[in-house]
Amino acid sequence: MDAKEFLRAYEKNNTQPVKDRAKSINEYLDLYIRSRLKIQEAYERKLDTLPAMKVEMENLRTQISQNYMTDPDISAQLVKEAFTRSQKDIHVAHIFISIRNAAGFIDTVMAGRKLDTVIQLLKKGEDFFKTARRYSDDTSAATNNGDMGFITLLTLPYAFENAIYSTATGKYSTPVRSLAGFHIFKNLGERKAVGKIKAQQILLAFPPGADENTRKQIATKADSLYKRIIAGDNFNRLAADFSNDYVSAASGGMMPEIGVGQFDPAFEKALWALPKDNAISKPFATAYGWHILKRLSLKPVITDPNNKTYQDELKQRIINDSRWKNSKDFLVKKVTDKKGFKKFPYEDAALWNMSDSVLDGKPMTSGWAITAFTPLFAIGDSVYNANHWVNYANMYRYKQDGSGVKPWDQVREEWIRFSLQEYYKAHLEEFSEEFKQQMNEFRDGNLFFEIMQQEVWNKSQGDSAALVVLYEKTSKNIFGSRVWMPFCFSVRI
Numbered sequence: 007m008d009a010k011e012f013l014r015a016y017e018k019n020n021t022q023p024v025k026d027r028a029k030s031i032n033e034y035l036d037l038y039i040r041s042r043l044k045i046q047e048a049y050e051r052k053l054d055t056l057p058a059m060k061v062e063m064e065n066l067r068t069q070i071s072q073n074y075m076t077d078p079d080i081s082a083q084l085v086k087e088a089f090t091r092s093q094k095d096i097h098v099a100h101i102f103i104s105i106r107n108a109a110g111f112i113d114t115v116m117a118g119r120k121l122d123t124v125i126q127l128l129k130k131g132e133d134f135f136k137t138a139r140r141y142s143d144d145t146s147a148a149t150n151n152g153d154m155g156f157i158t159l160l161t162l163p164y165a166f167e168n169a170i171y172s173t174a175t176g177k178y179s180t181p182v183r184s185l186a187g188f189h190i191f192k193n194l195g196e197r198k199a200v201g202k203i204k205a206q207q208i209l210l211a212f213p214p215g216a217d218e219n220t221r222k223q224i225a226t227k228a229d230s231l232y233k234r235i236i237a238g239d240n241f242n243r244l245a246a247d248f249s250n251d252y253v254s255a256a257s258g259g260m261m262p263e264i265g266v267g268q269f270d271p272a273f274e275k276a277l278w279a280l281p282k283d284n285a286i287s288k289p290f291a292t293a294y295g296w297h298i299l300k301r302l303s304l305k306p307v308i309t310d311p312n313n314k315t316y317q318d319e320l321k322q323r324i325i326n327d328s329r330w331k332n333s334k335d336f337l338v339k340k341v342t343d344k345k346g347f348k349k350f351p352y353e354d355a356a357l358w359n360m361s362d363s364v365l366d367g368k369p370m371t372s373g374w375a376i377t378a379f380t381p382l383f384a385i386g387d388s389v390y391n392a393n394h395w396v397n398y399a400n401m402y403r404y405k406q407d408g409s410g411v412k413p414w415d416q417v418r419e420e421w422i423r424f425s426l427q428e429y430y431k432a433h434l435e436e437f438s439e440e441f442k443q444q445m446n447e448f449r450d451g452n453l454f455f456e457i458m459q460q461e462v463w464n465k466s467q468g469d470s471a472a473l474v475v476l477y478e479k480t481s482k483n484i485f486g487s488r489v490w491m492p493f494c495f496s497v498r499i
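The sequence shown maps to residues 7 to 499 in the numbering used here.
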């Protein structure tokens, strides 16, 4: 035990100012030595290996390790960025170029040529809407010109959000690559963030394949309901009786809280145009049918950057977003810098073939060039083999949207990153002195409690004779002579 560790313990347990620091330190030193001797005895008795002790320490480790799995500086930057972006909404148009051809097969050459054509047209000043109608593989562009309406923080994936919020009004972004293809966004205009709205709706839906006559009849019915509402008829009852949005109709047309970018642009345009609570929109049409809306309340965006509650809310909202993995990038660098990362030589095709065979039962075409124990990479002294790979791939190869499996090279990249992060977590004491100290303090505290429990508290509770002897030895020194004086707090006796 060195002086630095002792002083750290002293400062932690003596937070109040003292008149005589030297005397205070000497007094604490005596207590410190006694406690350290007890803890040392606990280690010698191997109390730290007790099953209950191990479980408690593992639970504590799991609990506090999460605080060390992100870079605090990057986390703070992400929250600050989220706050800034939450203050404005951006009107966006979009051109999408798919990497799949008409037959459904991936054709990056074709996609690249089409993307280059679009870029050249935009550079020459071609109208963005016209270009979207002609070239975008988003089928809705044929009718909406690629107009997505307004978006705000967390409406779109982080890569798209970055492109949009870094593009000036009236300009278009550089292409953004996704798994599906290429995306170009245009900033059509910006506004102060409008927040969220609670609203009710009546939806008169278009039946599948509705002809023009049917649509006109629905429009007439919507106009009739609107006139009844304006005349004083009950919105809740009309929604329950007539709305085809059966989920909201059951609660009088009540919808969940609505934020920007969640609904059809025409729907949101009508919703945000409502000037005050209880205002009713005129009937309007979307691709789904005719709508009538009633605004109930508006929840504006918080504009105070120092609002702790809002900062915590933003952190919780972005913590499961793809941007949050950026705050874990420092883990990968820390591990590779300190422990090293080594990729062993093997053929990708052989690994993919083995994976197809083991996980999907496909025939082997290249022989068993890779077996379960073939090493694939190493982190420090830990070697990760094909068996580790198969176990990971079996769990994480499927896309989250249920549309199939990811490419093997993407799964491998995710596996390597996951392995580096798990290595960091398992060896946190080697990377964070603060975490190491905290774990040592917990462990020593538990050991001190355990040995005191065994040697003092449990024994004293079960040995009444020892307690009598102790009392007789010490009572005179403690109590001395006593005169017992009765006190009465009543005004009358």
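Just so you know, even glycine gets a beta-carbon here, dropped at the ideal spot from N, CA and C.
Close Cβ partners of residue i (< 8 Å) along its chain, the five nearest in sequence each way excluded
i, result
"M59", "L53, N452, L453, E456"
"A48", "D54, L453, F454, E456, I457"
"E196", "K94, D95, I96, H97, T175"
"S249", "Q207, I208, L209, L210, A255, G259"
"L51", "Position check: residue 51 holds Arg in this sequence, whereas Leu was assumed. Result list for R51: I457, in chain order."
"F12", "L35, Y38"
"S496", "With a pLDDT of 43 at S496, under the threshold of 50, the modelled position of this residue cannot be trusted, and the question is left open."
"K187", "According to the sequence provided, residue 187 is Gly. The question's Lys does not apply to it. Excluding positions up to five away in sequence, the list reads F102, I103, S104, I105, R106, A117, D143."
"S395", "Per the sequence shown, residue 395 should be read as Trp rather than Ser. Contacts found: L357, S361, L382, R418, W421."
Straight-line Cα distance separating residue j from residue i
i, j, result
"K412", "D362", "13 Å"
"V364", "Q72", "34 Å"
"S328", "Y164", "6 Å"
"I308", "E87", "14 Å"
"R488", "Q69", "Caution is warranted here: a pLDDT of 49 is assigned to R488, below 50, making its placement in the model unreliable, and the coordinate value is therefore given only provisionally. Computed Cα separation, rounded: 52 Å."
"F424", "R234", "60 Å"
"P311", "M260", "32 Å"
"F336", "K305", "37 Å"
"K275", "M401", "43 Å"
"W296", "A432", "57 Å"
"G118", "A147", "20 Å"
"W278", "G410", "38 Å"
"F135", "L382", "49 Å"
"N397", "V266", "41 Å"
"K204", "Q268", "13 Å"
"K339", "D415", "21 Å"
"S388", "G131", "56 Å"
"T173", "L194", "10 Å"
"Q22", "E33", "15 Å"
"W421", "S184", "20 Å"
Opening and closing residue of the beta strand (DSSP E) in which residue i lies
i, result
"G131", "Taken as a continuous stretch (DSSP letters only), G131 belongs to no beta strand (DSSP E), as it is neither H nor E."
"K348", "347-349"
"K94", "94-104"
"M63", "Here M63 belongs to no beta strand (DSSP E); instead the alpha helix (DSSP H) covers 57-71."
"I157", "153-157"
Chain B within 9 Å of residue i, Cβ atoms only
i, result
"Q206", "Considering every chain present, this structure includes no chain B. It has just one protein chain."
Cut-off 6 Å between Cβ atoms - residues of its own chain near residue i, not counting five sequence neighbours on either side
i, result
"D270", "T292"
"T114", "I105"
"H100", "G152, M154, F191"
"I286", "I235, K300"
Neighbourhood of residue i by C-beta, 7 Å cutoff - its chain only, sequence neighbours within 5 removed
i, result
"A500", "Here the chain covers residues 7 to 499 and nothing more, so residue 500 does not appear."
"V24", "S30"
"N242", "G258, G259"
"R139", "A147, A148, N151"
"I385", "V341, K345, F347, S425, L426, Y429"
"E461", "none"
"L434", "S71, Y74, F441"
"L244", "I208, L231, R234, I235"
"D77", "S333, F336"
Host alpha helix (DSSP H) of residue i (start-end)
i, result
"F437", "434-437"
"F336", "335-344"
"D354", "354-366"
"V307", "Premise fails: V307 is in no alpha helix (DSSP H) and is neither H nor E."
"R40", "27-50"
"V24", "Looking at the DSSP string, V24 is not in any alpha helix (DSSP H), and its letter there is neither H nor E."
"E319", "314-324"
"V253", "252-255"
"A148", "147-150"
Closer than 8 Å: residue i CB and nearest the ligand COA heavy atom
i, result
"R403", "This structure does not include the ligand COA; it has no bound ligands of any sort."
8 Å contact criterion, which residue i and residue j should meet: CB distance rounded
i, j, result
"D143", "I103", "6 Å"
"K202", "I264", "6 Å"
For this session: For the region 384-409, list the alpha helix (DSSP H) runs that are entirely contained and at least 4 residues long, ordered along the chain.
Result: 392-402
Exercise. Which runs of the alpha helix (DSSP H) spanning at least 4 residues fall entirely within the region 164-246, listed in chain order?
Worked result: 164-171, 218-236
For this session: Could you name each continuous alpha helix (DSSP H) segment of 4 residues or more that falls completely within the region 269-299, going from the start of the chain to the end?
Result: 271-278
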